[in-house]
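Protein chains in written order, with this note's numbering: chain A, 19 to 137; chain B, 19 to 137.
Protein chains: 2
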Amino acid sequence: MTIAAPTGSSRDLPHPQRAEIRLEAVLHALSDPLRLQVVRELAADGGELSCSHFDLPVTKSTTTHHFRVLRESGVIRQVYRGTAKMNGVRRDDLDGLFPGLLDSVLAAAARQAVRLGSR
Amino acid sequence: MTIAAPTGSSRDLPHPQRAEIRLEAVLHALSDPLRLQVVRELAADGGELSCSHFDLPVTKSTTTHHFRVLRESGVIRQVYRGTAKMNGVRRDDLDGLFPGLLDSVLAAAARQAVRLGSR
DNA sequence: CTTCTCGTACGATAGACATCGTAGTACGGC
DNA sequence: GCCGTACTACGATGTCTATCGTACGAGAAG
Numbered sequence: 019m020t021i022a023a024p025t026g027s028s029r030d031l032p033h034p035q036r037a038e039i040r041l042e043a044v045l046h047a048l049s050d051p052l053r054l055q056v057v058r059e060l061a062a063d064g065g066e067l068s069c070s071h072f073d074l075p076v077t078k079s080t081t082t083h084h085f086r087v088l089r090e091s092g093v094i095r096q097v098y099r100g101t102a103k104m105n106g107v108r109r110d111d112l113d114g115l116f117p118g119l120l121d122s123v124l125a126a127a128a129r130q131a132v133r134l135g136s137r
Numbered sequence: 019m020t021i022a023a024p025t026g027s028s029r030d031l032p033h034p035q036r037a038e039i040r041l042e043a044v045l046h047a048l049s050d051p052l053r054l055q056v057v058r059e060l061a062a063d064g065g066e067l068s069c070s071h072f073d074l075p076v077t078k079s080t081t082t083h084h085f086r087v088l089r090e091s092g093v094i095r096q097v098y099r100g101t102a103k104m105n106g107v108r109r110d111d112l113d114g115l116f117p118g119l120l121d122s123v124l125a126a127a128a129r130q131a132v133r134l135g136s137r
């Protein structure tokens, strides 16, 4: 029946429940440079960022695809706010399932960014 | 001239140097269930195991492929010992580059194994 | 209502990858 | 030298995935 919209928005998107999140899917989602970069920025921000906030070197269609991979793997949560779609890392769920994993990956990414050319 | 074989063996295999190891490649290598399982066993053992020690549900060709992906991403080191090929996790290099990452992933895999059916 | 922005959906495409089977090479033992 | 074991190399195949372009839908602003 789906009564009452959760957060007050209209259309909402399918997310895996916490128990459905699979480590292999998370690692796969993070193994793409573009997606890893997105997650780094989202984690650094801590809050929610719109898709259009990111200036990725691919078309909008491709961007949508990458965000979907991140959402379906359980790494991020996506919510519509008016015309924009806001994205946030599912830190609670990830830390609950895999303590320390996200932080290790983010730290590793930061280290590698410094080690290579960088940013 | 290549004088003196390092460990006493003859043919040796191409490995990335420590500085060439890329986080994305490591995550990608670990995102396959079979490969993750192999790495878990190798890490649990701590030493070296032959390819034939693993009883994977795929043919030998496919096994060879997976071990190569692990080697080329820098996750494991492979050495010939007579007719057998021994495999070991490159713990020093991984811990040096990405402190805590490998342990987080292994812990996450162990947790998930318990959480699901398990083993 | 029209228009603008933001993002989706769908179809196409090219490349990557997991898988197999067969044939071959290296090494150790007989 | 010959055979068996361990693993590789190569070619084929089906699936997945990253990418694009175009056309569409939902909401805000005029």
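C-beta atoms are modelled at their ideal positions from N, C-alpha and C, and glycine is treated no differently.
All figures in this text were calculated on a predicted structure; none of them were measured in a lab.
| query | result |
| --- | --- |
| Near A:L112, which residues of its chain fall below 6 angstroms by C-beta distance, leaving aside the five closest residues on each side in sequence? | L120 |
| A:V87 by DSSP, collapsed to three states: which one? | helix |
| If I'm right that B:A125 touches B:R58 with Cβ under 8 angstroms, what's the distance once you round it to whole angstroms? | At roughly 10 angstroms, the Cβ-Cβ gap does not stay under 8 angstroms, so B:A125 and B:R58 are not in contact. |
| Contact between the segment 39 to 55 of chain B and the segment 37 to 47 of chain A: three or more CB pairs below 8 angstroms? | yes |
| Against chain B, does A:E42 count as a neighbour if the rule is that its beta carbon must be under 9 angstroms from one of theirs? | yes |
| Verify the CB distance criterion: does A:V123 have a CB-CB separation below 9 angstroms to chain B? | yes |
| List the residues of chain A that B:F116 touches, going by C-beta distances under 8 angstroms, in chain order. | S122, A125, A126, R129 and Q130 |
| Could you tell me how far apart the beta carbons of B:V56 and B:H84 are, in whole angstroms, since I believe they sit closer than 8 angstroms? | 7 angstroms |
| Just tell me which of A:N105, A:G64 and A:D63 has its CA closest to the CA of A:T82. | A:N105 |
| Once you ignore the five residues that flank A:V87 on each side, which residues in its own chain have a CB closer than 7 angstroms to its CB? | A47 and R53 |
| Pick out whichever of B:A102, B:F116 and B:R99 has its Cα sitting closest to the Cα of B:R108. | B:F116 |
| In chain A, which residues lie with their C-beta within 7 angstroms of the C-beta of B:L45? | L45, L48 and S49 |
| With distances taken Cα to Cα, identify the nearest neighbour of B:V123 among B:V93, B:Y98 and B:S70. | B:V93 |
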